[in-house]
DNA sequence: CGAGTGCTCCAAAGCGCTTTGGCTGATTTG
DNA sequence: CAAATCAGCCAAAGCGCTTTGGAGCACTCG
């Protein structure tokens, strides 16, 4: 069933039918109703390729997926996707994942924009002075960044959580509990979120006249194993920390294992706070000792990004609005006063 | 730069240019070279919407993503995606995720097929007599199933791992070690993979004259928490098992925690084997006691599915070929003889 | 009463590509 | 040597939709 057939059986022109369906004003309400009715009854659905060809719009949002033998997609991605999908579903938006060589995402961005495959894109895991943002910005396609960059000479729309504030609060709590030697097990410190977390932590320490030594900061890919290694290195080094901030629950698993292996206890010997993106399959309250966290649902962020993307596509949102969500600090059993 | 412009500057017809570019034979080699050259030099790229409209092909593969407030996307998905992306990237294939209400995926399948949005689709997590397969099969779009269904009156192409064999082997090992009371912590038993695993396990037990009681089998969503609960229920019940098979590493985390909470040890009091899909961020060898596993890389499966999908699209693969991959049984410290 | 004003609706021109059905001029073939 | 064949190219017809530029037809108003 296509437009031609439909309009023919209604004895109307394709123009009128098209307009009726797309809510244009120059068609009478009665006609519109008739058309809508017939369309529904015959299950008419406009062919998206044709529409795209005519309008240039696709009803899809894009994401360039860095891939490669050595590249692992972040497990956070799937939760973000859940949220995105939640919103997208109710608006008949599809998501196009364009796999790209992790070393050369630019070509892919150019391609999907040139091809008009998608109406908008979102970017994630931005770095300071991220070239992708500059590219996408000049390419002129609507976009939203999940996270923030830094040191760019233009503004852009983003959604981020207050990573700095979160780790500031967490560190402040620990210093208030008397901890003097803190350490940070962070994610990849080329990404802005990690930089912000470190910054927040340093600021809190500075307020108590403390500092964070170079050796008290680890920056690694967020795996259980890396959490374990980092924790061992920290604890077995001189100046062993009495409290650790950790950038992910998965790494926290490794920290907990390391602490156990070393015969220490949480929170007796070590206080631990980790960031929780709220996974359904791994929850901080179920850690051997319930884990204190800075919490922010990455899933909700996904839904919000989709919502804003949709708004930008339809012209409802414009400009470079940045949105920063506060992060909850949730205290559980894994923190205590500094050991004496 | 579009076809018209390009053909004009070459003083050729659009027909000829199009044919030259698409490798049709009715164009001389010299002309072809000239055209190819000019196309590359001017960075000509055919507009995919136009091409799609004309050919009906899109260069994209589709996946219907079940979503909903209560629906969590399986974290395995992201690893599968890594593999899929790896292959897709090198073949300029994009992946379209169409979010669907988890209770009504059919509408979405119909939509994406009717719309010709994608050239092929893949389905995952099939159930016995899965209606989606029947639907997709009659819809006539190329597809591949990751996993298998059962009880369907037609054949279909799939890629699966030997779940039954894997759990058969694992269970056999345990019985050989003298275990008499085994238990299974399985995934959702409405999905075929879970059924196969249980079947394999029962078969192995039967061979030793043992059986698996109803109460020795748990079927739950694969989260850490559910693993913990299931383990506690099993161990604290009467007829506590001396060995547990577990369908995922994430649940195994919970099992380990439960065992600890109860003051027991692995493998002294309980032997544990889990299925490992090979996540980069959680590895069985890094469990407190290195975990024995049945191992199969879900990432490789993703790549293979993409490869076969591409083959089907271009007509290189036909028919209902099923492919079943063997699963490695990897013995580590978490199994031992049955306690006396 | 004639011009102006809305309101509906339509024919036709794209959007950029592929593909069908020729049309040429050169080469073979009986 | 006329007829058949063939390689190489082209014009034009779609694919199914949106959108431009009117057209027709009441009505209103000075």
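Chains as they are written, first to last, in the numbering used here: chain A, 1 to 340; chain B, 1001 to 1340. Quick reminder that beta carbons are idealized off the backbone N, C-alpha and C, glycines included.
- Counting only Cβ-Cβ distances below 9 Å, residue 250(A) has contacts in chain B at 1281, 1282, in chain order.
- Within the stretch 91 to 109 of chain A, contact with chain B at the beta-carbon level (separation under 7 Å) is assigned to 94, 95, 96, 97, 98, 99, 100, 101.
- Within chain B, no C-beta atom comes nearer than 8 Å to that of residue 267(A); the closest sits roughly 17 Å away.
- The Cβ-Cβ distance between residue 267(A) and residue 334(A) falls below 7 Å.
- Going by DSSP, residue 1048(B) is part of the alpha helix (DSSP H) stretching over 1048 to 1055.
- Residue state for residue 1261(B) is assigned as helix, using DSSP reduced to three classes.
- For residue 113(A), the enclosing alpha helix (DSSP H) covers residues 105 to 114.
- Residue ranges of uninterrupted beta strand (DSSP E) with 3 or more members, entirely inside the stretch 209 to 293 of chain A and ordered along the chain, are 217 to 219, 243 to 246, 271 to 276.
- Close to residue 193(A), with beta-carbon spacing below 7 Å, lies no residue of chain B; the smallest spacing is near 17 Å.
- For residue 124(A), the pairing in a beta bridge is given by DSSP as 146(A).
- When only Cα atoms are considered, residue 1307(B) and residue 18(A) end up about 40 Å apart.
- Chain-order list of chain B residues neighbouring residue 77(A): 1078, by C-beta distance under 7 Å.
- When the Cα atoms are used, residue 66(A) and residue 300(A) turn out to be separated by approximately 23 Å.
- Judged by DSSP in its simplified three-state form, residue 1295(B) adopts strand.
- A distance below 7 Å separates the beta carbons of residue 1123(B) and residue 1145(B).
- With fewer than 16 neighbouring CB atoms inside 10 Å of its own CB, residue 1033(B) falls in the exposed class.
- A Cβ-Cβ distance of about 6 Å is found for the pair residue 1270(B) and residue 1242(B), placing them in contact under the 8 Å criterion.
- Within the model, the alpha-carbon separation for residue 197(A) versus residue 245(A) is close to 9 Å.
- Within the stretch 1214 to 1230 of chain B, the residues whose Cβ lies closer than 9 Å to some Cβ of chain A are 1221, 1222, 1223, 1224, 1225, 1226, 1228, listed in chain order.
- The beta-carbon of residue 1124(B) is placed no less than 7 Å from the nearest beta-carbon of chain A.
- Under the 10 Å beta carbon count, residue 154(A) is surrounded by fewer than 16 other beta carbons and is classified as exposed.
- Residue contact check for residue 1139(B) against chain A: no CB pair falls below 7 Å.
- For the pair residue 1305(B) and residue 1084(B), the Cα-to-Cα distance works out to about 7 Å.
- Around the beta carbon of residue 76(A), a 10 Å sphere encloses 16 or more other beta carbons of the protein chains shown; the residue is thus reported as buried.
- About 7 Å separates the CB atoms of residue 1231(B) and residue 1259(B); that is less than 8 Å, so the two are in contact.
- Taking the CA atoms as reference points, residue 1177(B) sits about 13 Å from residue 1204(B).
- By the Cβ neighbour-count rule, residue 1194(B) is buried, with 16 or more other Cβ atoms within 10 Å of its own.
- Using a C-beta cut-off of 8 Å, the stretch 1052 to 1066 of chain B makes contact with the stretch 1119 to 1138 of chain B, since at least three inter-stretch Cβ pairs fall below that distance.
- Residue range 1076 to 1089 is occupied by the alpha helix (DSSP H) that includes residue 1087(B).
- Residue 1018(B) carries a helical assignment under DSSP once its states are collapsed to helix, strand and coil.
- Interface residue (Cβ-Cβ distance to chain B less than 7 Å): residue 22(A) is not classified as such.
- With contacts defined by Cβ atoms closer than 7 Å, residue 1331(B) and residue 1297(B) do not form a contacting pair.
- Around residue 1157(B), the same chain offers 1144, 1320, 1321 as residues with beta carbons nearer than 6 Å, after the five sequence neighbours per side are excluded.
- When DSSP states are grouped into helix, strand and coil, residue 2(A) belongs to the coil group.
- Nearest to residue 1311(B) by C-alpha distance, out of 1087(B), 1229(B), 1339(B), 1192(B), is 1087(B).
- Linking residue 229(A) to residue 216(A) through their CA atoms gives a straight-line distance of about 13 Å.
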